[in-house]
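Residue numbers (our numbering): 3 to 190.
Ideal Cβ positions, reconstructed from N, Cα and C, are used throughout, including at glycine.
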């Protein structure tokens, strides 16, 4: 059985991806930090759509988080057919007035983790029929963002990185996309 791995799946776009894919009959691995919300979503989708939903509670910040997640998947023997890199966050304010550690954590999650998970997963799915990678960017990727500078810059990375991957894997079966939503009703 092949699974779709969704990061940041406990709410917002991640939860919506999970709902739509479960309705299609896909088996899912949902990853987020908030155990209660993630388990509630998994139970709801599993009961409603009769699909296998696995839950992994984990902070994905940085390459260490991605590596730990991949190790868990390998230990459990999960085969993947898709990856939705949705985990991320933003913070509002002047760069020099926001905590540096929080801004570095934003880069770790929005950029480093996304890139590391992609690096680990792409060799596994690139030649599978129906395989896909979706990296969640934003319309913020297309412009500078005063008072959200690091967030906007991180989303510009996601878009540029995904466009480059699309070209690099053009001859493979995997479909690669960047989602660039505008203002969306989420917890962010």
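{"Item": "Neighbourhood of residue 152 by C-beta, 6 Å cutoff - its chain only, sequence neighbours within 5 removed", "Value": "105, 108"}
{"Item": "Whole runs of the beta strand (DSSP E) within the region 24 to 63, excluding any shorter than 3 residues", "Value": "29 to 34, 55 to 59"}
{"Item": "DSSP beta-bridge partners of residue 85", "Value": "7, 135"}
{"Item": "Where residue 75 sits in the DSSP three-state scheme", "Value": "helix"}
{"Item": "Contact check, residue 2 vs residue 88, beta carbons under 8 Å", "Value": "Examination of residue 2 is not possible in this model, given that the chain is present from 3 through 190 alone."}
{"Item": "Reduced DSSP category for residue 177 - H, G, I as helix; E, B as strand; rest coil", "Value": "strand"}
{"Item": "Coarse secondary structure for residue 187, derived from DSSP in three states", "Value": "coil"}
{"Item": "Chain-order list of residues whose beta-carbon lies under 6 Å from that of residue 131 (same chain, five-residue window excluded)", "Value": "175"}
{"Item": "As assigned by DSSP and simplified to three states, the class of residue 150", "Value": "coil"}
{"Item": "For residue 115, the three-state DSSP class (helix, strand or coil)", "Value": "helix"}
{"Item": "Residues near residue 126 in its chain [Cβ-Cβ closer than 7 Å; skip 5 each side]", "Value": "82"}
{"Item": "Start and end residues, alpha helix (DSSP H) containing residue 106", "Value": "102 to 109"}
{"Item": "Contacts around residue 146, its chain only, beta-carbon distance under 7 Å, and the 5 residues preceding and following it disregarded", "Value": "154"}
{"Item": "Nearest neighbour of residue 59, chosen from 102, 182, 179, 43 [CA to CA]", "Value": "43"}
{"Item": "Residue 85 vs residue 7 beta-carbon contact at 8 Å", "Value": "yes"}
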